[in-house]
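These notes are about the structure you will find just below.
Protein chains: 2
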Amino acid sequence: MPEFFNVLAPQAAFEAIKPMLPVIIETEVVPTARSLGRVTAEVILSPEDLPAFARSTMDGYSVRSRDTFGASEGLPSYLDIVGEVSMGKAADVKLGVGQAATAYTGGMLAHGADAVVMVERTQTLDETSIEVLRAAAPGENVVQVGEDVRKGEPILSKGSVIRPQDIGGMLALGITSVSVSRKPVVGIISTGDELVPPDNKISPGQIRDINSYTISALVEQSGGEPQCIALVSDDFEAQRQAAIEGLGACDALVFSAGSSVSSRDLTADVLNSLGEPGVLVHGISIKPGKPTVVGAVDGKPVFGLPGNPVSAMVVFDLLVRPTMYHLSGCEAAPPHSTAQATLARDIPSVAGREDYVPVRMVSSDGCVSAEPVFGKSNLIYTLVRSDGIVRVPLDKSGLYAGEVVNVRLF
Amino acid sequence: MPEFFNVLAPQAAFEAIKPMLPVIIETEVVPTARSLGRVTAEVILSPEDLPAFARSTMDGYSVRSRDTFGASEGLPSYLDIVGEVSMGKAADVKLGVGQAATAYTGGMLAHGADAVVMVERTQTLDETSIEVLRAAAPGENVVQVGEDVRKGEPILSKGSVIRPQDIGGMLALGITSVSVSRKPVVGIISTGDELVPPDNKISPGQIRDINSYTISALVEQSGGEPQCIALVSDDFEAQRQAAIEGLGACDALVFSAGSSVSSRDLTADVLNSLGEPGVLVHGISIKPGKPTVVGAVDGKPVFGLPGNPVSAMVVFDLLVRPTMYHLSGCEAAPPHSTAQATLARDIPSVAGREDYVPVRMVSSDGCVSAEPVFGKSNLIYTLVRSDGIVRVPLDKSGLYAGEVVNVRLF
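Chains as they are written, first to last, in this note's numbering: chain A, 1389 to 1798; chain B, 1389 to 1798.
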């Protein structure tokens, strides 16, 4: 019986494939307002100072701070109101000695002013004069020109995943379009004589193909574009043709099932028949998920994921997702949602292997515990009934009930 | 000067508005394969047993387990191979005493078989007979009918956010379409005399409207559909008209800026002019974000968010996001990404107020520390330069450098 060869730890498997992969690919320009989750294709520099003018952060009066020095409730400064600077308008008031102008939050300061006194720190004497009850320091309640960001400053590095605040940051500077990496297109080939499309009626012995769809959803969640290439039988030539088609149309290829070592498992052979370097890793030291193929053909990554749903999801996370972000030019995939919980039961494992165990999160009396779901990894409902997954590290022979663990939520 | 009234803690503010809001709304039927992130509108029951037939989990031989009892390497059982059950085909072999049939991972068992012996636990004698080297227990290496999920079993409760594995779980049962809540439409009204659309040239005193777009992106991230209603000046009648339009077109309404208590802050007055109950909360006990309006009109939630970007993002997370999931029929919003880190500097706060401080995550020597970004909350780049936010709880007067904190990543 054939054996796995080159069994690696997941991180080592990723490092093995990374140097084979040129970073994608074409870039495209999208409206900044529609760029959420996209990856910047170049460093973005600020084209101007923000704010472009000194702004008040309070409602009150713009003043020359020196006119307020020494002011106190017992000995206020008296200032003449010589005008106001309306919101959204250029200042048309210039302050002389002992003068102030009405200011609004976000509005310009009067010419000559270097601070703003909050309205709460003043007393109105009449329509044109106020008492200032506390000294204002130079720059107090003022956002200076360029204080948010300076002209020429790098605001987003190349390879950043764009977040809501980044959209705001760019638009604040008038950057209304942004160059991003094209979304990586991930082709999916589902293999197995027993599989039928999920909308088909099934006969005894057949099961519905689901991995095409769970993997598609995982690709979508990871910022990629899934493309279902084919559902093919356990036939070398059929799989090879589908792979050629997939490699032509996509930036990465994922085979579902067929990654183990029995005679029906063709992924490794198909991959080796397609080009260089072919299979790089066959078998990774995790459970579930050992029967995994990692390879590349002409600079495009190809993965053979186990057909078991739990294994497929674990391996997707460990290898396919970071590869997708790598292709997009990101140094690292964004972190997953995690939560801490107290493990409800022992999880046995074996040193030298990473174990991944689905868990259900149960809250009671303000404590959150993680209950292992010890379902078989070939049952999709093991995942449906779980809220997350716990990793038993390579160097541990298990985790104990009562330990606080990090749960990767999904 | 007017004061905030009914200042509440964020959770209390959410509880104040929740009873005013009927759960949405219309439902729609979408293809299961395209339902990622949508919210189930009804409980989903399994229409059939999964698997529908007893399946082998190994390559090997399906057997009558009693024929192998007592077998060992020293004293194997001899079995006759009377056929094979091909993948994806109904079993057409029936086992008699002392008989076995070739089985494949995922394939049906032969009739009469109740266990599968792994090929590794057998020795081939000739083309039609094997030695079994270890006894197989009844059910060994078999997934029983309905072991994954039973017919009639609830598989997803109403109000579940659909995940990749849930898509797989439904499709495995032939559920190819699913009834989900319509995405909540959130209308956004940006207010301020100083604001211009971001693609306009700005004159002195003007700034570009960015909150419409950051809030839109946050709505999108929370599974909703943003709709920019209007960019309006600080004019009561203009804002009231925009609000009427927004309430007609949307499930929830968000005003950006105008939520404080100065004469230019009109959100509360506009909201009170529109219908019952109007303003429920004005001011929440957080920093930044105190000047927040929470209300409802005829069963639709209306929020007045502070114009400061940091405040707006904090309040969105605390109030708008949970409201959106509530409208969709979810009991709780899905958890955010979080990470633990060691606080790099003290964060002072005041008991009786929740503080939110943006932080930058810095890794060195395998340790992750969270460095507070003490920028002003009215600077968007305070958020752009941050990786997440740390909460100082209501009952604490600060956090100390060296404490391990949970960072809500964004």
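No residue lacks a Cβ here, since even glycine has one placed at the ideal position from N, Cα and C. Nothing here was measured: the structure is a model prediction, and the numbers come from that model.
About 5 angstroms separates the CB atoms of aspartate 1502 (chain A) and serine 1453 (chain A); that is less than 8 angstroms, so the two are in contact.
Between the alpha carbons of aspartate 1734 (chain A) and aspartate 1753 (chain A) lies a gap of roughly 21 angstroms.
When Cβ-Cβ separations below 9 angstroms define contact, valine 1427 (chain A) makes no contact with chain B. Cβ contact annotation for valine 1750 (chain B) (same chain, cutoff 6 angstroms, sequence separation greater than five): Ser1757, Glu1759, in chain order. For glutamine 1553 (chain A), no beta strand (DSSP E) segment is defined; the enclosing uninterrupted segment is the alpha helix (DSSP H) at 1552 to 1560.
With respect to the C-alpha of isoleucine 1413 (chain B), the residue from B:Met1712, B:Val1698, B:Ser1621 having the closest C-alpha is B:Met1712. Note on glycine 1458 (chain B): under 16 other CB atoms within 10 angstroms of its CB, so exposed under the neighbour-count rule. If the five residues before and after proline 1410 (chain A) are omitted, its C-beta is found closer than 8 angstroms to the C-beta atoms of Gly1687, all from its own chain and listed in chain order. Distances from the CA of alanine 1489 (chain A) to each of A:Leu1693, A:Asp1455, A:Ala1721 were compared; the closest alpha carbon is that of A:Asp1455. Note on leucine 1424 (chain A): 16 or more other CB atoms within 10 angstroms of its CB, so buried under the neighbour-count rule. If you check the CB distance, phenylalanine 1392 (chain A) and lysine 1678 (chain A) come in under 9 angstroms. Boundaries for tyrosine 1601 (chain A): no beta strand (DSSP E) harbours it, while the alpha helix (DSSP H) harbouring it runs 1599 to 1609, taken from the DSSP string. Within 7 angstroms of the CB of leucine 1606 (chain B), the CB atoms of chain A belong to Pro1552, in sequence order along the chain.
By a beta-carbon distance limit of 8 angstroms, tyrosine 1744 (chain B) does not contact isoleucine 1768 (chain B). Their separation comes to about 16 angstroms. For histidine 1670 (chain B), the three-state secondary structure derived from DSSP is strand.
Chain-order list of chain B residues neighbouring glycine 1663 (chain A): empty, with the shortest C-beta distance near 29 angstroms, by a criterion of under 7 angstroms.
By the beta-carbon neighbour count (other beta carbons within 10 angstroms, threshold 16), phenylalanine 1624 (chain B) is exposed.
With a 10 Å radius around the Cβ and a threshold of 16 neighbouring Cβ atoms, cysteine 1755 (chain A) comes out exposed.
Glycine 1790 (chain A) and glutamine 1728 (chain B) have their C-alpha atoms some 19 angstroms from each other. The Cβ neighbour count for asparagine 1599 (chain B), taken over all protein chains shown within 10 Å, is at least 16; the residue is labelled buried.
When C-alpha distances from glycine 1448 (chain B) are compared across B:Leu1438, B:Met1475, B:Thr1428, the shortest belongs to B:Met1475. Note that the C-beta distance between glycine 1692 (chain B) and alanine 1656 (chain B) is below 9 angstroms. A buried status is given to glycine 1580 (chain A), since no fewer than 16 other beta-carbon atoms sit within 10 Å of its beta-carbon. With its beta carbon at least 9 angstroms from every one in chain B, serine 1567 (chain A) lies outside the interface.
The C-beta distance from threonine 1428 (chain A) to glycine 1547 (chain A) rounds to 6 angstroms, short enough to fall under 8 angstroms. Asparagine 1794 (chain A) is bridged by DSSP to A:Gln1728. Assignment of glutamine 1615 (chain A) by DSSP, reduced to helix, strand and coil, places it in the strand class. Between serine 1569 (chain A) and arginine 1426 (chain A), the C-beta gap is smaller than 9 angstroms, which places the two residues in contact.
Proline 1746 (chain B): member of the beta strand (DSSP E) spanning 1742 to 1752, first to last residue. Look at the beta carbons and you see the stretch 1581 to 1598 of chain B not touching the stretch 1532 to 1541 of chain B: under three pairs across the two are nearer than 8 angstroms. For the set B:Ile1603, B:Ser1610, B:Leu1583, B:Gln1511, the Cα lying nearest the Cα of glycine 1462 (chain B) is the one of B:Gln1511. Listed in chain order, the beta strand (DSSP E) elements of length 3 or more contained wholly in the stretch 1515 to 1555 of chain B are 1517 to 1520, 1542 to 1544.
Taken atom to atom, the span from the alpha-carbon of serine 1434 (chain A) to that of isoleucine 1617 (chain B) is near 29 angstroms. A straight line joining the alpha-carbon of leucine 1583 (chain A) with that of leucine 1438 (chain B) spans about 14 angstroms.
Residues of chain B with a Cβ closer than 9 angstroms to the Cβ of serine 1725 (chain A) are, in chain order, Pro1722, Pro1723, His1724, Ser1725, Thr1726, Leu1797. The residue from B:Pro1781, B:Leu1706, B:His1714, B:Val1681 with its alpha-carbon nearest to that of asparagine 1394 (chain B) is B:Val1681.
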